[in-house]
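**Q** Chains as they are written, first to last, in this note's numbering: chain X, 40 to 148; chain S, 31 to 143.
All C-beta atoms in this analysis are idealised placements derived from N, C-alpha and C, irrespective of residue type, glycine included.
Keep in mind the model is a prediction, meaning the values are calculated, not measured.
1) Please classify residue 80/X: is it buried, with 16 or more other beta-carbons within 10 angstroms of its beta-carbon, or exposed?
2) Below 7 Å CB to CB, which residues in the same chain sit around residue 121/X once its five sequence neighbours on both sides are set aside?
3) Under a Cβ-count criterion, where at least 16 other Cβ atoms within 10 Å of its own Cβ denotes burial, should residue 127/S be classed as buried or exposed?
4) Do residue 110/X and residue 64/X have their CB atoms nearer than 7 Å?
5) With a threshold of 6 Å on Cβ separation, who are the neighbours of residue 79/S within its own chain once the five nearest residues in sequence on each side are excluded?
6) With residue 119/S as the anchor, note down where its beta strand (DSSP E) starts and where it stops.
7) Who are the neighbours of residue 73/S on chain X, taking C-beta pairs under 8 Å?
8) If you count every other CB in all the chains shown that lies within 10 Å of the CB of residue 99/X, and 16 or more means buried, which is it?
9) Give me the residue from 105/X, 48/X, 74/X and 58/X with the minimum Cα distance to residue 115/X.
10) Please classify residue 101/S: does DSSP put it in a helix, a strand, or coil?
11) Thinking just about the alpha-carbon of each residue, which of 112/S, 81/S, 117/S and 44/S is nearest to the one in residue 95/S?
12) Within 8 Å, do at least three Cβ pairs link the stretch 84-94 of chain X to the stretch 40-48 of chain S?
13) Okay, do the stretch 132-142 of chain X and the stretch 104-120 of chain S touch, 3+ Cβ pairs below 8 Å being the bar?
14) Counting only beta-carbon atoms, is residue 123/X nearer than 7 Å to chain S?
15) Expressed to the nearest angstrom, what Euclidean distance is found between the alpha-carbon atoms of residue 58/S and residue 131/S?
16) Please say whether residue 67/S and residue 135/S have beta carbons closer to each other than 7 Å?
17) Short of 6 Å in beta carbon distance, which residues of its chain neighbour residue 137/S, apart from the five on each side in sequence? Order them along the chain.
18) Under 7 Å Cβ-Cβ, which residues of chain S neighbour residue 88/X?
19) Buried or exposed: where does residue 76/X fall if 16 or more other Cβ atoms within 10 Å of its Cβ makes it buried?
20) Please classify residue 221/X as buried or exposed, where buried requires at least 16 other C-beta atoms within 10 Å of its C-beta.
21) By the three-class DSSP mapping on this structure, what secondary structure does residue 90/S have?
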């Protein structure tokens, strides 16, 4: 039962351009949404979050957008940098946290 | 501030052998989680502790997996006996409370041969 889905397993963008990572969820009980970043051989690192009462949260180059009616959230990275190359996991929570399968972002110099 | 510590980082065992993983959460974090992560997938919750109490262990295969969190700080996850399908990364995470951002350790990569 995949309640959180990331349909794009990979994304490649040019340095300096925008990266847009997408995530869909099915459970309307989720009230808190997060993005994690993972480098090889490391655990996921918390990146940014958004409460269900908001539709946008910004932190530097990272912005998360939430569309509750569509049960969709996205992460925008502007401008993208080579160091952003990693696997990004979307997560949703109401008690327990459910994770998507991840999207591998590659930022090319 | 020290992050979540896990050991060992890597473990290779033969099937039917026992194995144990250890986790030390961030100081002051009451909630501790054990996750399983298979290749190409996101973390899947095995068990969640609030202090020393296991409040959600519905996804823990209790015939072979066990966990404990004595004194509400460190935690140990055990598998006995291990099966080939248990090969995965086992992640420990902690948070101040349930439902907010969790902080992950580096994980233990288990290979069962």
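**A** Reading it off the structure:
1) Numbered from its first residue, the first chain carries residue 80/X at position 41. Residue 80/X should be labelled exposed.
2) The count along the first chain starts at 1 and reaches residue 121/X at position 82. Closer than 7 Å at the Cβ level, and outside the excluded window around residue 121/X, lie 54, 146 and 148.
3) Translated into the one-based positions of the second chain, residue 127/S becomes position 97. Flag for residue 127/S reads exposed.
4) Mapped onto the first chain, residue 110/X falls at position 71. Mapped onto the first chain, residue 64/X falls at position 25. Contact flag set, yes.
5) Numbered from its first residue, the second chain carries residue 79/S at position 49. Result list for residue 79/S: 62 and 99, in chain order.
6) Along the second chain, one-based indexing puts residue 119/S at 89. Where residue 119/S is concerned, the enclosing beta strand (DSSP E) stretches over 118-125.
7) Position 43 of the second chain, counted from the start, is the residue given in the question as residue 73/S. Within 8 Å Cβ-Cβ: 83, 128 and 138.
8) The sequence position of residue 99/X within the first chain is 60, counting from 1. Exposed, since its Cβ has fewer than 16 Cβ neighbours within 10 Å.
9) Position 76 of the first chain, counted from the start, is the residue given in the question as residue 115/X. The residue among 105/X, 48/X, 74/X and 58/X with its C-alpha nearest the C-alpha of residue 115/X is 58/X.
10) The sequence position of residue 101/S within the second chain is 71, counting from 1. Correct three-state label for residue 101/S: helix.
11) Looking up residue 95/S in the second chain gives position 65. The candidate whose alpha carbon is nearest that of residue 95/S is 112/S.
12) A contact between stretches requires three or more CB pairs, one per stretch, nearer than 8 Å, and the stretch 40-48 of chain S fails this requirement with the stretch 84-94 of chain X.
13) no
14) The residue you call residue 123/X lines up with position 84 of the first chain. Judged by the 7 Å Cβ criterion, residue 123/X is not in contact with chain S.
15) As a working note, residue 58/S is residue 28 in the second chain. As a working note, residue 131/S is residue 101 in the second chain. Their backbone Cα atoms lie some 14 Å apart in a straight line.
16) For the purposes of this step, residue 135/S is taken as the residue at position 105 of the second chain. For the purposes of this step, residue 67/S is taken as the residue at position 37 of the second chain. Note that the C-beta distance between residue 135/S and residue 67/S is not below 7 Å.
17) Residue mapping note: residue 137/S aligns to position 107 of the second chain, counting from 1. Excluding sequence neighbours, residue 137/S sits near 119 and 121.
18) The residue you call residue 88/X lines up with position 49 of the first chain. From the beta-carbon of residue 88/X, the residues of chain S found nearer than 7 Å are 131.
19) Locating residue 76/X in the first chain gives position 37, counting from the first residue. Residue 76/X counts as buried, since no fewer than 16 other beta carbons sit within 10 angstroms of its beta carbon.
20) No statement about residue 221/X is possible, as the shown extent of chain X runs from 40 to 148 and does not include it.
21) Position 60 of the second chain, counted from the first residue, corresponds to residue 90/S. If DSSP states are grouped into helix, strand and coil, residue 90/S belongs with coil.
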